[in-house]
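Colleague:
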Amino acid sequence: MSLILGIDTSTSSGSVSLLQDGQLVGSQLYSIEKSHSNLLHVMIEQMMSNAGCKMDELSAVAVAEGPGSYTGLRIGVSAAKGLCLALDIPLIAVNTLEAMAYQMYRRSTDDILYCPMLDARRMEVYAALFDKNFKSIKPTAPVILEEYAYEDILVDQRVLFFGDGSNKSKEVISDRNAHFIDGIVPSAEEVALLAYEKYKTKSFENVISFEPFYLKEFRTASSFK
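Using this note's numbering, you'd call the opening residue of the sequence shown number -7 and step up by one each time.
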């Protein structure tokens, strides 16, 4: 039996999930104003209790590695690493945008491309692109939103934009093949589901050296001096 704990703290909406032998048995979503640190462990404990499971029964911990909020990612990854070290179990990392795309893919049958976007300040987003079969077309990368963004793809293909970064894309991408969905946030459910495939092939991270996938260098105020 496998029991995988999923954690996502990529944005201001955090979530945890529990997957038993590939089936979801627990999930909790929460929203924060400042930091995940006050709620994350409480949510994990409540979910485990509701599912009738104990922490020492976990087979692995899966975490959304990023991109996303610097602070959120640090908190989520630190919590995941701490649990893995304490319980001596594997750590599994899942790309946040990949998990977001999978969220839409498993709920849709449309012939459309999936473009998850996370806000990266100003007119920049973190984005990726997947086809209708969940095959990666464009890897995760920073994208500057401008009038001609995705023009080459939108010429003959429908693209579904979603995530908090897609709100900005509406302002500049005006094409009949561009479609938008509001309110889609990263979810630990998809993190755990994708991690299950990695668990079966033992695609684990080094718990000691693993770091979040920030995509861009973290810069403090002193960095600009």
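Note that beta-carbon positions come from the ideal geometry of N, C-alpha and C, so glycine has one too.
Measuring only the C-alpha atoms, how far is residue 83 from residue -5?
Modeller: Here residue 83 corresponds to residue number 91 of the sequence shown, with the count starting at 1. Here residue -5 corresponds to residue number 3 of the sequence shown, with the count starting at 1. Whole-angstrom Cα-Cα distance: 13 Å.
Colleague: In this structure, does DSSP put residue 87 in helix, strand or coil?
Modeller: Your numbering for residue 87 matches position 95 in the sequence shown. Strand.
Colleague: Would you mind stating whether residue 132 and residue 185 have Cβ atoms separated by less than 8 Å?
Modeller: As a position in the sequence shown, residue 132 is number 140, starting the count at 1. As a position in the sequence shown, residue 185 is number 193, starting the count at 1. Not a contact, by the Cβ cut-off of 8 Å.
Colleague: Since residue 58 sits in a beta bridge, which residues does DSSP pair it with?
Modeller: Along the sequence shown, one-based indexing puts residue 58 at 66. According to DSSP, residue 58 bridges with 87.
Colleague: Name the two residues that bound the continuous beta strand (DSSP E) containing residue 170.
Modeller: Start at 1 with the first residue of the sequence shown, and residue 170 comes out as number 178. Counting along the chain, residue 170 sits inside the beta strand (DSSP E) bounded by residues 170 to 173.
Colleague: What is the rounded straight-line gap between the Cα of residue 205 and the Cα of residue 111?
Modeller: As a first step, residue 205 is located in the sequence shown; it is residue number 213 there, counting from the start. As a first step, residue 111 is located in the sequence shown; it is residue number 119 there, counting from the start. Distance between the alpha carbons of residue 205 and residue 111 is about 15 Å.
Colleague: What are the uninterrupted segments assigned as beta strand (DSSP E) that are 3 or more residues long and contained completely in the segment 138 to 191, given in chain order?
Modeller: 151 to 154, 170 to 173
Colleague: Can you tell me the Cβ-Cβ gap for residue 115 and residue 157, rounded? I've got them flagged as a contact below 8 Å.
Modeller: As a working note, residue 115 is residue 123 in the sequence shown. As a working note, residue 157 is residue 165 in the sequence shown. About 10 Å; that fails the 8 Å criterion.
Colleague: Is DSSP giving residue 103 helix, strand or coil here?
Modeller: Numbered from 1 along the sequence shown, position 111 holds the residue referred to as residue 103. Residue 103 falls in the coil class under three-state DSSP.
Colleague: State yes or no: is the C-beta of residue 146 within less than 8 Å of the C-beta of residue 107?
Modeller: One-based indexing of the sequence shown puts residue 146 at position 154. One-based indexing of the sequence shown puts residue 107 at position 115. Not in contact: residue 146 and residue 107 (Cβ atoms no closer than 8 Å).
Colleague: Is residue 96 buried or exposed, if buried means 16 or more other CB atoms sit within 10 Å of its CB?
Modeller: Translated into the one-based positions of the sequence shown, residue 96 becomes position 104. It is buried - the Cβ of residue 96 has at least 16 other Cβ atoms within 10 Å.
Colleague: Taking the alpha carbon of residue 5 as the reference point, which residue from -1, 134, 31, 177 has its own alpha carbon closest?
Modeller: Position 13 of the sequence shown, counting from 1, holds the residue named residue 5. Checking every option, the nearest Cα to that of residue 5 belongs to 177.
Colleague: Going by DSSP, what residue range makes up the alpha helix (DSSP H) through residue 81?
Modeller: Working through the sequence shown from its first residue, we reach residue 81 at position 89. First-last for residue 81: undefined, no H or E at that position.
Colleague: When the Cα of residue 136 is compared with those of 74, 14, 120, which residue comes out closest?
Modeller: Counting from 1 along the sequence shown, the entry for residue 136 is found at position 144. Taking only the C-alpha atoms, the option nearest residue 136 is 120.
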